[in-house]
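Following: one structure in C-alpha cells, then a few remarks.
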Amino acid sequence: MPQYSFICQDCQKSFTLFMHIAELEKGGIKCPECGSTRVEQKLEPFFANTSKKS
C-alpha cells in the first residue's frame, strides 16, 4: 500500500498515511493533530527496495 506524506496548513505538523490511491483521490484527509482538512501533500523521494544486490 502506498505511503503519502502531508503537512497541515493550520498547525504545520507533518504526518504520513498509508492508503490506496482511490482513497487519496476521494480527498477529505484530516490532520491527526488538529483535525483540520486543510492539508497539502508533500512530495517525497521514492526508493524501491529489491532483493537483488547491486
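In my numbering, the protein residues as written are 313 to 366.
Every residue, glycine too, gets a C-beta built ideally from N, C-alpha and C.
As the structure is a computational prediction, the values presented were derived from the model and not from experiment.
Outcome for residue i when other beta-carbon atoms lying within 10 angstroms are tallied against a minimum of 16
i, result
"C323", "exposed"
"I333", "exposed"
Inter-residue spacing [alpha-carbon to alpha-carbon] between residue i and residue j
i, j, result
"K368", "T349", "Examination of residue 368 is not possible in this model, given that the chain is present from 313 through 366 alone."
"F327", "N361", "22 Å"
"K338", "M331", "11 Å"
"P352", "P314", "Note that residue 352 is Glu in the sequence shown here, rather than Pro. Going from the Cα of E352 to the Cα of P314 covers about 17 Å."
"K342", "E335", "12 Å"
"F358", "L329", "15 Å"
Range of the contiguous beta strand (DSSP E) that encloses residue i
i, result
"K354", "V351 to K354"
Extent of the continuous alpha helix (DSSP H) to which residue i belongs
i, result
"I333", "I333 to K338"
Residue i and residue j closer than 8 Å at C-beta
i, j, result
"E345", "S317", "no"
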